[in-house]
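If you read the protein sequences in the order shown, they are chains H and Y.
With my numbering, letter number 294 in the first sequence gets 294, and the count goes up by one each step, no holes.
With my numbering, letter number 113 in the second sequence gets 1113, and the count goes up by one each step, no holes.
For every residue, glycine included, the Cβ atom is placed at its ideal position computed from N, Cα and C.
Heads up, the thing below is written out as structure tokens.
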Amino acid sequence: MINVGKSDSELINISGMNDKELQNFMQHNAISLKAGEARKAAKLIGRNPTLTELHIFNIQWSEHSSYKSSRNTLKMLPTKAPNVILGPVEDSGIVELGEINNERYGIVVSHESHNHPSQVVPYEGAATGIGGILRDVLCMGAKIIATADPLRFGNSFGKNKNKVKYIANEVINGIAGYGNAVGIPNLAGDIYLNESFDDNCLVNVVCLGLVKEKDIIHSYAPKNSEGYDIIIVGKATDNSGFGGAAFASLILDEEARESNRGAVQVPDPFLKNVIIRATYRVFEEAKKDNVKLGFKDMGAGGIMCSTSELCSDADYGAFIDLDKVHVSMDIPPFMIINSETQERFTWISPPSFTQRILEIYNEEFELPNIAENARASVIGKVTKEQNYVVTHKGKIVCNVPIKAITAGIRYDREAKKPNRNFKEPMIKEKNNYNEILLKVLSNPSVASKAKCFSHYDKNVMGNAIIESGQADAGLIKAAEGSKYGIALSVDNNPKYGRIDPYWGAANAVAESMRNVAAIGAIPSALTDCLNFGNPEKPEAFYDFKESVRGIADAAGKINYYKTKNPVPVISGNVSFYNESKSGNAIDPSPIIACIGVMKDYSKAITMKLKKANSTLFLAGERKDELGGSAYYEIFNQIGKNVPQIDFEREKGRIYAVIECISNGLLLSCHDISDGGMAVAIAEMILGGNADGIIGADINFNYPYLRNDKILFCESPGFFFEVEDKNIKKVQSIFKKYNLLIHKLGKTTNKKSLTIINSNKKIIDLSIDELRKAWTSGFKEALE
Amino acid sequence: MQKPSIAVIYFPGNNCEEETLRAVIAAGMRGKILNWNTKENLGSYDGFVIPGGWAYEDRIRAGVIAAKDPVMGIIRQEAEKGKPVLGICNGAQVLVETGIIPGLKDKVEMALAPNKNPFVSGYYNAWVYIKNTANKKNAFNSLFKKDEILHLPVAHGEGRFVTKDKALIKQLIKNKQIIFQYCTKEGKIENKFPINPNGSMLNIAAISNKKGNVIAIMPHPERAIWERQYQDFKKSDKKMNTIKIFESIKNYILEK
């Protein structure tokens, strides 16, 4: 229920209401501010607010927009390093790629979540998640080059299986429907399914762009821009997605599902496709004329957030005339200014260049003919006076010090260590593990995700070198006329976080770095999307803090290749309230993306075995660390001992693998993670398309650990294939880092996998059997 | 003689124009991406490519609206003069919807129907094999040996060549208009998934007009020009045989 009865410029007499009356009034108007927060807003304005002003503070002080609970904790993260061009302050972070023709290039990275919308309206929710992140990257002046999608769904065999499958399939369709149409290759992604996501799926998205350092456009008004035009471009504003930021900051209430649907935006990838191309044209023209512009995505908080931040961050104010906004329906001013209608951007332009921008969008690319009333419109001016002034039908509906809108608020939330009573299970040893390995391979979280990836366009733009699913990380050619490759991996095993949020997060960071290293790229930057429950609950907040500490430790201690610098966290997002009304919260899920740089992509390798009679090596000790493992899941157990990272050794292994690959010494390489060593070697045999024909005979003597623990423990490590002539060189590189590697067996022309420990055969399976298990598990989970 | 110049037409919603232009240039031609509403004189170009994507959002049916766009009228005239026109994926759908392909009667004779794919319904992206089965040289295959195999991606939801007109099928075979057919890695034409990725009649991957200067091809040769783009291959910058589609166009223009 939205109260539109109040006159738009009328002041709401909140000082005359008691807390209960105030709370009722706000609830009636779909404002989720607390009474104290509303009073604080009034104090900042210096008088009672208008309804529009209250709505503005509602959005700006939502968790989604203000990071009010998380900001203090996030200070722990290492965000500075010599290769950081732009840290996590604007819409995207930027990390150095390197120099091409004597010009420094940056990789633009953004990492967001669209969890709540995807749970309510999965197709549109997932699609607009892609739509939003493309804008975040484009608005830095970058060329958009790739996306990736870490997804978490509920248990598709559990009590909510029908809903889980519906959501999973629709989310995948939504990602494909949007990303494919715009034409951005999908480069990486992972999917886990467990019951903690039954009521709250996670739909995270990562987007990469490429920009010359000197061509970066910032999300703030340029210097000396008083009197510059404020131009909005894109779809006509409507009531869709009104209150989206506030919605993302609430616990999902299944009963309110219908009324929440309106908070989800409507995607239009077709319009976006054209806007992106028109925007590239604006970039070109601005460069040609040497014009400095400000440019920002319109996401959460719509026109208000975009225009106020652009001006405030440059110490200016703004004047906005809502009558100039191109709308597609008659809606009240607080909705025009706050609606999250998709496919829109804001430009700050000197009046001399404004006409060129309007021509490009409205005439050259004919936006008004592409979508009903889509266009570029001048809606206001940058002002010297630092107020945010909005008029509607000649009346002032908002006049607030601009910094009051953009400064946000902060809370120091209470953190309390929750009781965690995890125990190691008692599982009987078996004579052989054939059946168990097939079960682990067909676990939907482990199995091939081809059913998902083959729905995404992976090779549009023609730059993909290693496509999604072919190796531990994806790889694309960065730019024409250069051998630079950009690698990307996304990771987090949610069950680790359930047992131990610190090690869950540290493992996610380490695994993402291993994945990038396993193809030969140098882990160069990280982004984090921190998905958690209700931060107002001290136990949930404790998990959040522990996770951030885990990321900070791993990023700081597994240093950037052969330096003392951290691998910096350059962008991220916090998604709280991933909890249902019944209190079912998701596993603490700090999802990490690692961006890798490769100077020469021709050195890159994949996980698939390349030839018979080469030698297979293991790097990384096997340990009794099966907590949260895919193996325990078969027995409906979770365990206690999650893998712990020895940062020094982890770093050494990553460096050694990169060094080996850059010297052309490895034929194939795979990180050991979900399903442990047995799954790693099975996947190397199968390859990304499950069409491998090289088998493996593994033979070792390791009496110190049970066979099931050797095969399936997920302790960090690598498995790799080496030609005999290169063995000594590989060993000496690892020795430099004080690491031993273990010769475990040979690749063969036999179409099988055998594993023998101390003369006892514990695995003996044909490639066909492996293939059937690995290719069916995920497919069946979604049917 | 000057390098031939190719216009790559961007309809709103297309998304393969850049890599298509790159393939044109890699084959030793000049090229430019032109918007659907361009004011340039298209007659000054030696050939045309209509790239993949979702022209006009595939409203009504893939390719229908673009087929009625004035720019297609000009391209039809240029094609009638013998200039080569290559339609890839959505571009192929546009050419079929204009009737230029197969172009035997003055109307739309075929359709590109939704994929029949037992693995993924709707949009499907994967690498496939096709071979040059045409017993006749045209503007796009002249540099290939008979039965030469190409490896390249498909990326579409509606790529199944169909017609109910049995006489038309006979005509296509007689006229040698079926240029590329889906096959196994070894070149065997088997009408089953995933060898035939969309259930296309006779495993058809590409059809030309009778004269052989216009072709509609569903898979994406422009995404398979260099070895690095191939999965499970070395990551080198060596050009692969797929470039010969574009080089054949160049030769055709130069020899004309």
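Practice problem: Can you tell me the Cβ-Cβ gap for Ala-1055 of chain Y and Gly-1013 of chain Y, rounded? I've got them flagged as a contact below 8 Å. | Solution: 5 Å
Quiz item: Is Met-1 of chain H buried or exposed, if buried means 16 or more other CB atoms sit within 10 Å of its CB?
Solution: Model confidence at Met-1 of chain H stands at a pLDDT of 34, short of 50, so the residue's coordinates are unreliable; what they give is reported in the following sentence. Answer is exposed; the Cβ neighbour count stays below 16.
Quiz item: Does the pairing of the segment 538 to 556 of chain H with the segment 501 to 518 of chain H give three or more beta-carbon distances under 8 Å?
Solution: yes
Quiz prompt | Beta-carbon proximity list for Ile-405 of chain H, same chain, < 8 Å, skipping 5 on both sides | solution = Ile-56, Phe-57, Gln-60, Met-304, Ser-308, Ser-312 and Tyr-388
Exercise. Output the distance between the C-alpha atoms of Ile-558 of chain H and Ile-645 of chain H, rounded to the nearest integer angstrom.
Key: Going from the Cα of Ile-558 of chain H to the Cα of Ile-645 of chain H covers about 10 Å.
Self-check item: Where Ser-752 of chain H sits in the DSSP three-state scheme
Solution: strand
Quiz item: Within 8 Å (strictly less), CB to CB, does Val-4 of chain H reach chain Y?
Solution: Annotation note: pLDDT 41 at Val-4 of chain H (below 50); position unreliable, coordinate value reported separately. Taking 8 Å as the CB threshold, Val-4 of chain H stays off the interface with chain Y.
Quiz item: Can you tell me the Cα-Cα spacing of Val-203 of chain H and Thr-1184 of chain Y, whole angstroms?
Solution: One C-alpha to the other measures close to 37 Å.
Quiz item: Which bits of chain H does Arg-1228 of chain Y rub up against, with CB to CB less than 8 Å?
Solution: Ile-465, Lys-477, Tyr-601 and Ser-602
Self-check item: Rounded separation between Ser-9 of chain H and Asp-323 of chain H - CA only
Solution: Between the C-alpha atoms of Ser-9 of chain H and Asp-323 of chain H there is a straight-line separation of about 15 Å.
Self-check item: Straight-line gap, Phe-319 of chain H to Val-382 of chain H (C-alpha atoms, nearest Å)
Solution: For Phe-319 of chain H and Val-382 of chain H, the distance between alpha carbons rounds to 6 Å.
Self-check item: Where Ala-376 of chain H sits in the DSSP three-state scheme
Solution: strand
Exercise. Put Gly-179 of chain H into one of helix, strand or coil per three-state DSSP.
Key: helix
Quiz item: Who are the neighbours of Pro-1012 of chain Y on chain H, taking C-beta pairs under 8 Å?
Solution: Phe-270, Asn-273, Val-274, Phe-365, Glu-366 and Ile-370
Practice problem: Tell me the start and end of each unbroken alpha helix (DSSP H) in the segment 14 to 51 of chain H that is at least 4 residues and wholly inside, in chain order. | Solution: 19 to 28 and 35 to 45
Self-check item: Sequence-distant residues of the same chain with beta carbon closer than 6 Å to Ala-630 of chain H, five excluded per side
Solution: For Ala-630 of chain H, the CB contacts under 6 Å within the same chain, skipping 5 residues up- and downstream, are Val-440, Asn-443, Val-446, Asp-674 and Gly-675 in chain order.
Self-check item: Cα-Cα separation between Ile-94 of chain H and Pro-568 of chain H, rounded to whole angstroms
Solution: 11 Å
Exercise. Note down the Cα distance separating Ala-1167 of chain Y from Val-205 of chain H, rounded to an integer number of angstroms.
Key: Approximately 50 Å between the Cα atoms of the pair.
Quiz prompt | For Asp-323 of chain H, the three-state DSSP class (helix, strand or coil) | solution = helix
Self-check item: Alpha-carbon to alpha-carbon, Phe-153 of chain H and Ile-191 of chain H
Solution: 8 Å
Self-check item: Beta carbon proximity, Tyr-456 of chain H to chain Y, threshold 8 Å
Solution: yes
Quiz item: Any idea what DSSP makes of Trp-1036 of chain Y, helix, strand or coil?
Solution: coil
Quiz prompt | Rounded C-alpha distance that separates Ile-1217 of chain Y from Glu-372 of chain H | solution = 33 Å
Quiz item: What is the DSSP secondary structure of Asn-3 of chain H, reduced to helix, strand or coil?
Solution: Caution applies to Asn-3 of chain H, whose pLDDT of 42 falls short of 50 and renders its modelled position unreliable; the value that the coordinates give is listed next. Asn-3 of chain H: coil per DSSP, three-state reduction.
Practice problem: Consider the C-beta atom of Asn-369 of chain H and the heavy atoms of the ligand SAM; say whether any pair is separated by less than 7 Å. | Solution: Although the ligand SAM was asked about, the structure shown includes no ligands whatsoever.
Quiz prompt | Proximity winner among H:Ser-715, H:Gly-717, H:Pro-716 and H:Leu-740, relative to Ile-727 of chain H (alpha-carbon distances) | solution = H:Leu-740
Quiz item: Taking the C-alpha atoms as reference points, what is the distance between Lys-709 of chain H and Ala-508 of chain H?
Solution: One C-alpha to the other measures close to 21 Å.
Practice problem: Please confirm if Pro-1084 of chain Y has its CB atom under 8 Å from at least one CB of chain H. | Solution: no
Quiz prompt | Start and end residues, beta strand (DSSP E) containing Glu-112 of chain H | solution = Looking at the DSSP string, the run of the beta strand (DSSP E) that includes Glu-112 of chain H is 103 to 113.
Practice problem: Could you name the residues that DSSP lists as bridge partners for Tyr-192 of chain H? | Solution: H:Arg-152
Practice problem: Please report the Cβ distance between His-111 of chain H and Gly-572 of chain H, rounded to the nearest whole angstrom; I am assuming they are in contact, meaning their Cβ atoms lie under 8 Å. | Solution: Taking the Cβ atoms as the reference, His-111 of chain H lies roughly 6 Å from Gly-572 of chain H, within the contact range of under 8 Å.
Quiz item: What beta strand (DSSP E) runs, 3 residues minimum, are completely inside the segment 612 to 679 of chain H?
Solution: 615 to 619 and 668 to 672
Practice problem: Answer with buried or exposed for Arg-653 of chain H, where buried requires no fewer than 16 other C-beta atoms within 10 angstroms of its C-beta. | Solution: Only buried fits Arg-653 of chain H, as 16 or more other CB atoms lie within 10 angstroms of its CB.
Quiz prompt | Contact with chain H by Tyr-1182 of chain Y, beta-carbon distance below 8 Å | solution = no
Practice problem: Compare the C-beta of Gly-462 of chain H against all C-beta atoms of chain Y and say whether one is closer than 8 Å. | Solution: Residue contact check for Gly-462 of chain H against chain Y: a CB pair falls below 8 Å.
Practice problem: Please name the residue, chosen from H:Glu-539, H:Glu-721 and H:Asn-169, that lies closest to Ile-605 of chain H on a Cα-to-Cα basis. | Solution: H:Glu-721
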